[in-house]
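Under full-length UniProt numbering, the sequence shown has 153 at position 153, and the numbering climbs by one with no breaks.
Where is the CB? At the ideal position from N, CA and C, for every residue including glycine.
Data block below; observations after.
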Amino acid sequence: MRNQYFPQDTCLLKFLSRPLNRLELMADSESEHNNIHRDFYIPTYILAPNASSNSLRLPDVPTCPVLVFVNSKSGGQLGGELLRTFRHLLNKYQVFDLGDEAPDSVLRRLYLNIERLKGNGDHFAAEIEERMRIIVAGGDGTAGWLLGVVSDLKLSQPPPIATVPLGTGNNLPFAFGWGKKNPGTDLNSVISFLKQVMNAKEMKMDSWHILMRMRAPKVGSCDPVAPLELPHSLHAFHRVSLSDELNVLGIHMKPRVGHIREGFHTFRGGFWNYFSMGMDAQVSYAFHSERKMNPDKFKNQLVNQSSYLKLGCTQGWFFAPLVHPSSKNIAQLTKVKIMKKQGEWQDLHIPPSVRSIVCLNLPSFSGGLNPWGTPNSNKRRYRDLTPPFVDDGLLEVVGFRDAWHGLVLLAPKGHGTRLAQAHGIRFEFQKGAADHTFMRIDGEPWKQPLPDNDDTVVVEISHLGQVKMLATHDCRAKSIHDPTSQFSHDADEVDSDEENSVTEERRKFGAADTFKIPDEVKRQNRSHGRKPRLWALLRNLLAFRLERH
Numbered sequence: 001m002r003n004q005y006f007p008q009d010t011c012l013l014k015f016l017s018r019p020l021n022r023l024e025l026m027a028d029s030e031s032e033h034n035n036i037h038r039d040f041y042i043p044t045y046i047l048a049p050n051a052s053s054n055s056l057r058l059p060d061v062p063t064c065p066v067l068v069f070v071n072s073k074s075g076g077q078l079g080g081e082l083l084r085t086f087r088h089l090l091n092k093y094q095v096f097d098l099g100d101e102a103p104d105s106v107l108r109r110l111y112l113n114i115e116r117l118k119g120n121g122d123h124f125a126a127e128i129e130e131r132m133r134i135i136v137a138g139g140d141g142t143a144g145w146l147l148g149v150v151s152d153l154k155l156s157q158p159p160p161i162a163t164v165p166l167g168t169g170n171n172l173p174f175a176f177g178w179g180k181k182n183p184g185t186d187l188n189s190v191i192s193f194l195k196q197v198m199n200a201k202e203m204k205m206d207s208w209h210i211l212m213r214m215r216a217p218k219v220g221s222c223d224p225v226a227p228l229e230l231p232h233s234l235h236a237f238h239r240v241s242l243s244d245e246l247n248v249l250g251i252h253m254k255p256r257v258g259h260i261r262e263g264f265h266t267f268r269g270g271f272w273n274y275f276s277m278g279m280d281a282q283v284s285y286a287f288h289s290e291r292k293m294n295p296d297k298f299k300n301q302l303v304n305q306s307s308y309l310k311l312g313c314t315q316g317w318f319f320a321p322l323v324h325p326s327s328k329n330i331a332q333l334t335k336v337k338i339m340k341k342q343g344e345w346q347d348l349h350i351p352p353s354v355r356s357i358v359c360l361n362l363p364s365f366s367g368g369l370n371p372w373g374t375p376n377s378n379k380r381r382y383r384d385l386t387p388p389f390v391d392d393g394l395l396e397v398v399g400f401r402d403a404w405h406g407l408v409l410l411a412p413k414g415h416g417t418r419l420a421q422a423h424g425i426r427f428e429f430q431k432g433a434a435d436h437t438f439m440r441i442d443g444e445p446w447k448q449p450l451p452d453n454d455d456t457v458v459v460e461i462s463h464l465g466q467v468k469m470l471a472t473h474d475c476r477a478k479s480i481h482d483p484t485s486q487f488s489h490d491a492d493e494v495d496s497d498e499e500n501s502v503t504e505e506r507r508k509f510g511a512a513d514t515f516k517i518p519d520e521v522k523r524q525n526r527s528h529g530r531k532p533r534l535w536a537l538l539r540n541l542l543a544f545r546l547e548r549h
């Protein structure tokens, strides 16, 4: 087949194809650069549908082709510097600035082009698709954005994802072994990271769907809801159309199924690290508000963490019993229900002193701390508690009284108040003494108004499936299916009948529309697919006859 290329590919091909003499092999930097291209470079005709046509072909499929997404605004100046370094090392068309183009647009264009190339018999493109890996550089919110898009596209071969820590907390990268400190942006640091990505192992991680129903604000727009300042960069919540089955209040509220309450909106999204509510989210909200108003003061990770600690003091998190009214404690704010067994909801008792509740998916919170810890044998036996696994379909629910309670996490076996492990959790807010609370998902906080009449605000979290992550071999995240885990035989299997009963939209985060191959490309693929199958049949027949003789 005649392949497509851009002019820069010609220079690369000549560089890769030329014989290397001994003097060149001794030049470490040049040899290193050569190996980086061989292992990670994606030719432009794969990335750009409108590339010119030529009979040029790269000699070998790269070992670990990568797509790189960088939030250039993350990490102060580091995001922009990292973007430039990746583009210097790789094909600039395989490195994307999330400030210029959304990831769903990039991936949709790329995979559509790959399908067309495969339909034309391009086995090189098929190999690229099979080996593809994604790198995302940004904070936890940026990583969650990418994870939501990849999940919602529902690709036939979704690529595993590695995360570069460019945020303040960096809980997601830390859990999978990529560190929590902002990385170096020089050539050697980026080359070292690429090698880690190539040698990384794949791990499954649970995805959690969050659904929120509330009355639409009386002022402001709803995309996103201005009075709420919902996480916009996360693309976690979207307005649901009137025809959508999710825009009903009959699942857990009084009106009958199918009845749409006027003035109500349903928002849905997802998270992969944690959902929290209460005073910890209040401190996070104050930090994000301050950073939004004075972005020039928050360009250094150490400065950010110092500012966060100061806000924890000024917001009263360290002196909660004195400055925080009991009416804002979790037990007074909401009724909490959990799902221990599929389809069975039960009330969860919240101690009156708990001012913050955290629903954990990963063993990393607030900059790498593990609020759940590892329950001892008695806790496992009498309370049916297990260590935190990232793929067991369970959330760890933990409570905190104040910041001093949180400091016990710094001790070797410290942990918060273990409330439950559950397949789902639901918060129901009704009119009370407080008119608002604070919530946070994966580092993105917002101020949530509470009902001032007979209405009810519902936040429900449920398991949605799994995504593929890339992890270093000594990462903190643990799999329940690991042979060294004594709990591997207890892992819950997903009931296929139950999964099929959930509507397609219920299984999505709202981050992207499902990727669908156009009919003309399907027809093209089928027409080209018959010939390879026929040739394979003839080859097998010939081999059989040769063996007989």
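Residue burial classification, residue i (beta-carbon count within 10 angstroms, cutoff 16)
i, result
"Ser74", "buried"
"Gly393", "buried"
"Arg383", "exposed"
"Gly220", "Legend: pLDDT at Gly220 = 45, less than 50; position of this residue unreliable, value from coordinates given subsequently. Flag for Gly220 reads exposed."
"Asn378", "exposed"
"Gln94", "buried"
"Ser105", "exposed"
"Asp442", "buried"
"Asp140", "buried"
"Gly258", "Confidence at Gly258 is low in this model, with a pLDDT of 34, below 50, so its placement is unreliable and the value that follows should be read with caution. So Gly258 counts as exposed."
Per-residue DSSP class, three states only, for residue i
i, result
"Gly138", "strand"
"Ile210", "strand"
"Ser74", "coil"
"Glu428", "strand"
"Ile114", "helix"
"His463", "strand"
"Met339", "strand"
"Asn41", "A quick correction: the sequence has Tyr, not Asn, at residue 41. Reduced to three states, the DSSP call for Tyr41 is coil."
"Lys292", "helix"
"Met130", "Position check: residue 130 holds Glu in this sequence, whereas Met was assumed. Residue state, collapsed to three classes: helix."
"Lys180", "coil"
"Leu194", "helix"
"Ala512", "coil"
Rounded separation between residue i and residue j - CA only
i, j, result
"Lys201", "Arg133", "11 Å"
"Val68", "Ile135", "5 Å"
"Lys447", "Tyr285", "7 Å"
"Met469", "Asn113", "24 Å"
"His423", "His209", "11 Å"
"Thr514", "Asp454", "38 Å"
"Asn50", "Gly432", "59 Å"
"Ser192", "His265", "47 Å"
"Ser151", "Lys508", "8 Å"
"Glu460", "Glu428", "9 Å"
"Val398", "Gly177", "23 Å"
"Met439", "Leu47", "39 Å"
"Leu107", "Ile330", "41 Å"
"Pro165", "Val197", "14 Å"
"Val66", "His37", "11 Å"
"Ala102", "Gly269", "17 Å"
"Arg476", "Met203", "12 Å"
"Tyr111", "His88", "24 Å"
"Gln332", "Val358", "16 Å"
"Phe267", "Lys478", "31 Å"
"Met212", "Lys413", "35 Å"
Other residues of its chain near residue i: CB distance less than 6 Å, five sequence neighbours each side excluded
i, result
"Ile517", "Glu115"
"Glu396", "Leu360, Trp372, Pro388, Gln421"
"Gly465", "Ser207"
"Ser356", "Gly278, Met279, Asp280, Phe400"
"Lys154", "Thr514"
"Glu547", "Residue confidence for Glu547 is low, a pLDDT of 45 falling below 50, so the modelled location carries little weight; the figure read from the coordinates is stated next. Excluding sequence neighbours, Glu547 sits near nothing in its chain."
"Thr63", "Asp39"
"Ser462", "His209, Gly424"
"Lys335", "Glu428"
Within-8 Å CB hit, residue i to chain C
i, result
"Thr437", "Among the chains in the structure shown there is no chain C, since it carries only a single protein chain."
The ligand NAP heavy atom lying under 7 Å from the CB of residue i
i, result
"His123", "Absent from the structure shown: the ligand NAP. Ligands present: none."
Nearest-angstrom Cβ-Cβ length linking residue i and residue j, presumed shorter than 8 Å
i, j, result
"Val190", "Arg131", "Not confirmed; about 20 Å, so no contact."
"Asp391", "His481", "7 Å"
"Leu143", "Thr163", "According to the sequence displayed, residue 143 carries Ala and not Leu. The pair is a contact, with the Cβ atoms about 5 Å apart (cut-off 8 Å)."
"Phe174", "Gly416", "Rounded, the Cβ-Cβ distance is 18 Å, inconsistent with contact."
"Leu362", "Asn273", "5 Å"
Beta-carbon proximity list for residue i, same chain, < 7 Å, skipping 5 on both sides
i, result
"Leu385", "Pro375, Lys379, Arg418, Gln421"
"Leu83", "Val70, Ser72, Val95, Asp97"
Own chain, CB closer than 8 Å to residue i, minus 5 neighbours either side, in chain order
i, result
"Glu129", "Tyr111, Ile114, Lys118, Gln157"
"Gln435", "With the sequence shown as reference, residue 435 is identified as Asp, and Gln is not the correct amino acid for it. Result list for Asp435: Pro449, Leu450, Asp452, in chain order."
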